[in-house]
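Take the sequence shown: its letter number 33 is residue 33 in the working numbering, and every next letter is one higher.
Glycine included, C-beta positions come from ideal geometry on N, C-alpha and C.
Written below as structure tokens is the structure these notes are about.
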Amino acid sequence: QVLLQESGGGAVRPGESLRISCAASGSSFSTAYMAWYRQAPGQEREWVGRIIPNGETQYADSVKGRFTISRDIRRNTLYLQMNNLTPEDTGVYYCNGIKRGTTYWGQGTQVTVST
């Protein structure tokens with residue numbers, strides 16, 4: 001069974017940083033397209049950014065320059081480093097993986113940015 005498990009969410013203050021992780025199990029995701037999404041209360045899920053198999057990354061304009069996606073192939077883990085967080089970054093963050101035409105989602109981890 002393939003599972004994606006996020007961790008590392010929490011509550012931080014504006015301007016602080018946080019790194020969340022997504023551990024994959026059941027299959028190697030080294031050749032998968034991996035992405036992060038987020039969903040704020042009462043809003044639709046939005047794409048945050050992705051990393052493709054060759055390591056290239058792409059980001060939504062709202063997080064470009066502040067967020068960094070990386071992965072550890074050996075650990076089969078995806079990361080999202082979030083810097084200079086703002087209250088608008090609050091939401092549930094989801095890990096997404098697409099491998100051989102199948103899409104996988106994690107259960108999400110809550111990130112709250114407030115004073």
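Proximity below 9 Å, CB of residue i to CB of residue j
| i | j | result |
| --- | --- | --- |
| Ala-35 | Ile-51 | yes |
| Val-92 | Val-111 | yes |
| Leu-85 | Glu-16 | yes |
| Ala-60 | Glu-44 | no |
| Thr-77 | Pro-53 | no |
Bridge partners - residue i, DSSP secondary structure assignment
| i | result |
| --- | --- |
| Arg-50 | Ala-35, Gln-58 |
| Asn-76 | Answer is none; Asn-76 lacks a bridge partner. |
| Arg-19 | Gln-81 |
Given residue i as reference, the closest of the options once Cα atoms are compared
| i | options | result |
| --- | --- | --- |
| Val-113 | Ala-11, Thr-103, Leu-3, Tyr-79 | Ala-11 |
| Glu-88 | Ser-25, Pro-14, Thr-109, Gln-58 | Pro-14 |
Under the three-state DSSP convention, the category residue i falls into
| i | result |
| --- | --- |
| Glu-44 | coil |
| Glu-88 | helix |
| Arg-13 | coil |
| Gln-110 | strand |
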